[in-house]
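Undergrad: Under the numbering used here, the letters of the sequence shown match residues 5 to 564, in that order. For each residue, glycine too, the CB sits at the ideal point set by N, CA and C.
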Amino acid sequence: MRNLYLDFFLISRLGILLVLFSGISQLMFQPVFGKSGQYLVATQATRNNDFEIASDNYLSILKRGTSETIIYQEALLFSVLSDDLEVAQKIAKSSDQQGLKLPAAGLISLVTSFKDEEFNRAFNLLVQYDNVLPEYLSILVAGWKEIENGSLTAGIDLFASLSGESRYLGLYNCAIAYAMAGDFQKSLPFLEELEGQKLKFDELQLKAMVEIYSNSNLNYKAIKLIETHDYKQNSYLFKKLLADLKNGNQLKFSAFMTSADALANVFYLMGNTSGDEQNNQIVSNFYIQLAEFLSDQKDYYNLRLAESLLNMRAFSYAIEKFKRVQRESEFYLRAQLGVANSLVRSKEDKLAQKILEKLIEDGFTEFVIFDSLADIFRANEDYQKAIKYYDTALDSIAEEALQTKWSTFFVRGISYDQSGDWEKAKIDLENALEFYPNHPEVLNYFGYSLIERKESLEEALEMIESAVAQKPQSGYIVDSLAWGLFRLGYYEEAIVPMERAIELEPHDPIVNDHLGDVLWMIGRKREAKFQWKRALLFGPTVENEKKIKKKLRYGITDLE
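1) On a Cα-Cα basis, can you pick out the residue from Ile230, Lys362 and Leu137 that is closest to Met274?
2) Whose C-alpha, out of Lys204, Tyr182 and Gly186, is nearest the C-alpha of Phe194?
3) Does the beta-carbon distance from Pro3 to Pro544 come in below 8 Å?
4) Take the Cβ of Glu365 as the centre, count every other Cβ of all protein chains shown within 10 Å, and call the residue buried at 16 or more, exposed below.
5) For the alpha helix (DSSP H) holding Phe490, just list the boundary residues, first then last.
6) Can you grab the Cα-Cα spacing for the pair Pro476 / Ile506, in whole Å?
7) Closest by CA to Lys389, which one among Lys362, Glu403 and Gln422?
8) So, is His511 buried or exposed, given that buried needs 16 or more other C-beta atoms within 10 angstroms?
9) Suppose you measure from the CA of Arg382 to the CA of Glu352; what does that come to, to the nearest Å?
10) Using 8 Å as the threshold, is the stretch 297 to 305 in touch with the stretch 262 to 273, meaning 3 or more CB pairs across them?
11) Okay, do the stretch 338 to 345 and the stretch 306 to 314 touch, 3+ Cβ pairs below 8 Å being the bar?
12) Val348 lies in the alpha helix (DSSP H); which residues open and close that run?
13) Three-state secondary structure (DSSP) at Arg6?
14) Suppose the cutoff is 7 Å on Cβ atoms and the five residues either side in sequence are ignored; what does the same chain contact list for Phe368 look like?
15) Just the Cα atoms here: how many angstroms apart are Cys178 and Tyr393?
16) If you follow the alpha helix (DSSP H) that Met502 is part of, which residue opens it and which one closes it?
17) What is the DSSP secondary structure of Asp386, reduced to helix, strand or coil?
18) Determine, using beta carbons only, whether Ile230 comes closer than 8 Å to chain D.
19) Quick check on the burial criterion: 16 or more other C-beta atoms within 10 angstroms. Buried or exposed for Thr157?
20) For Met32, does the three-state DSSP call read helix, strand or coil?
21) Helix or strand or just coil, what does DSSP make of Glu366?
22) Nearest CA to the CA of Leu210: which residue from Leu523, Lys256, Ile230 and Ala539?
23) With a Cβ-Cβ cutoff of 8 Å, do Ile468 and Ile499 count as a contact?
24) Run the CB neighbour count on Met5, radius 10 Å, all protein chains shown included, and call it buried at 16 or more, exposed below.
25) Taking the alpha helix (DSSP H) that Ser263 falls in, what are its first and last residues?
26) Nearest-angstrom Cα distance between Asn435 and Glu311?
27) For the alpha helix (DSSP H) containing Ile227, name the first residue and the last one.
28) Determine the DSSP secondary structure at Pro193, reduced to helix, strand or coil.
29) For Leu81, which option in Asp134, Gln293, Arg171 and Glu215 has the closest C-alpha, if you only look at C-alpha atoms?
30) What span of residues does the alpha helix (DSSP H) with Leu465 cover, start to end?
31) Identify, in the order they occur along the chain, each residue of the same chain with its Cβ nearer than 7 Å to the Cβ of Gln357, setting aside the five sequence neighbours on each side.
32) For a test of the three-state rule: what should DSSP assign to Ile552, helix, strand or coil?
33) Which stretch, first to last residue, makes up the alpha helix (DSSP H) that contains Asp421?
34) Report the residue ranges of all alpha helix (DSSP H) runs contained in full by the stretch 153 to 221; include only those spanning at least 4 residues, in chain order.
35) Quick one: residues in its chain with C-beta nearer than 7 Å to the C-beta of Ile373, no 5 flanking neighbours on either side, listed in chain order?
36) Short of 7 Å in beta carbon distance, which residues of its chain neighbour Gly279, apart from the five on each side in sequence? Order them along the chain.
Here's what the structure looks like:
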């Protein structure tokens, strides 16, 4: 099944995405400035996700005088990523004066014209950049220019002329144009065709469709639309919309207020690539930043840009963008959770904890807040506080929703186990398996824990064998299988999976220690001591370090 992103976005990739900034992919050639200090600094800054340093150095190269396309493209890209539209505009103007006719320059100039409501100038840019910008974008810009100049019908005709893979984009813009004009009934046929394709929509698109149905006295269709789409990532927004709809309220149409908002969403779709490579993400962020420049929906695009930056591990940039989302925004909770996530991934757990505690203080009661806070305490081995917040998280949701929270039962079970309450841990681990049968990580943890306690060894081994069958490349799970065989006294049978585990996790102290134990028990004592010494190199816990040193001195004297 294709989703809306693919249908809307595919031709933009074929049209300009892959050629627009070909320079950022470990350049196919070195420009004249390729060996200059500033160029090297800029390329290294790119690898480090330091967009401002990259922008400053490319700009300095331009000021020294060059007409090289690659330098102009990189300077345009990183000035936009550095959130400096004014500098980007100057570079675009300079590239035009050089006669370079760069797609990035055309896009920046186009955004500037629409932002300044110079719609005829925007149309003239389409002529200037003919055969450079993709045809569907030119048609959409021309359509919104007609609407802004007072000809709704001409704009609709242009949108409706889109065909092939851009057809759905045309249909959607037709629906939005009629809705912005207040004629919701005329929007309906376009929405119905879109819905018939079972497409996936982003939050703004889904919100717009819901609002159109509500203003057409079709609240029941709006409710169905929300309930048939996965809105968990922004549940705060859609829960509120659902409550209003179920109370019979008519929603205000606010998803898109201007033609600039509608066009910004097109740029967002152009940037919503499926690739995870750094270069694809950088180019994607360029388009999302253009959307943010253009639209009045700053909160939404700052949020999406921040989430993309977080995926790139550009944590400081991500946090800055998350923090731009206003307190009164429907995206505020998601943004604050993004800040907390960024801080956790930056090893700033205490700051993340403060963000989450402030949300609770401000009256937010969503499951994810308590669950995330519990995860922080668990990661820092404060298991009692972790259990407290996992309890609160599970208490915050309806009983029928508990079966979807298998992972919370799993990690609460781990917390109970680590805090010494094995009986409660077993109950949670059993619940996790009930709600997600045969999950390999749960099976592995549960099975390994039983083996360590010498409980239900045959059953525990079956659990781990099932986990290995599902994840044969997991060194930790393969280690659990070998250790289970060891605990059952099957030393010869344990050696093959144990050696496989060490291949998969050669630097893990526990796996090295376990291999040493297996080798000792089959009489390969010199090799066993070698593995124990290796285990000491990889940072075992203080308790395990003492045990390993004892084995190095005396060998295995008991199997407790």
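TA: Concretely, from the data shown:
1) Considering only alpha carbons, the answer is Leu137.
2) Tyr182
3) Nothing in the structure corresponds to residue 3, since the chain is present only between 5 and 564.
4) exposed
5) Gly479 to Arg491
6) 13 Å
7) Nearest option by C-alpha distance: Gln422.
8) exposed
9) 15 Å
10) Taking a cut-off of 8 Å for Cβ pairs, the stretch 297 to 305 and the stretch 262 to 273 touch, as three or more such pairs fall below it.
11) yes
12) Tyr336 to Arg349
13) A caution first: Arg6 carries a pLDDT of 33, below 50, which makes its placement in the model too unreliable to give a value.
14) Leu337
15) Cα-Cα distance, rounded: 47 Å.
16) Tyr495 to Leu508
17) In the structure shown, Asp386 sits in coil (DSSP, three-state: anything other than H, G, I, E or B).
18) Here there is only one protein chain, and chain D is not present.
19) Classification of Thr157: exposed, given that the 10 Å Cβ count is below 16.
20) With a pLDDT of 38 at Met32, under the threshold of 50, the modelled position of that residue is not reliable, and no figure is offered here.
21) For the sequence presented, residue 366 should be read as Asp rather than Glu. DSSP places Asp366 in coil when its eight states are reduced to three.
22) Ile230
23) It is not a contact, given that the beta carbons lie outside the stated cut-off.
24) Here Met5 scores only 31 on pLDDT, less than 50, and its place in the model should not be relied on; the value that follows carries that caveat. The residue in question, Met5, is exposed, as its Cβ has fewer than 16 Cβ neighbours within 10 Å.
25) Ser263 to Gly275
26) 32 Å
27) From DSSP, the alpha helix (DSSP H) with Ile227 extends over Asn223 to Glu231.
28) helix
29) Of the candidates Asp134, Gln293, Arg171 and Glu215, the residue whose Cα lies closest to the Cα of Leu81 is Gln293.
30) It spans Leu461 to Gln474 - the alpha helix (DSSP H) in which Leu465 sits, taken as one unbroken run.
31) Leu377 and Ile380
32) helix
33) Trp410 to Gln422
34) Runs found: 156 to 164, 171 to 184, 188 to 200 and 207 to 219.
35) Leu360, Leu363 and Ile364
36) Confidence in Gly279 is poor, its pLDDT being 48 and thus under 50, which makes the residue's placement too unreliable to answer from.
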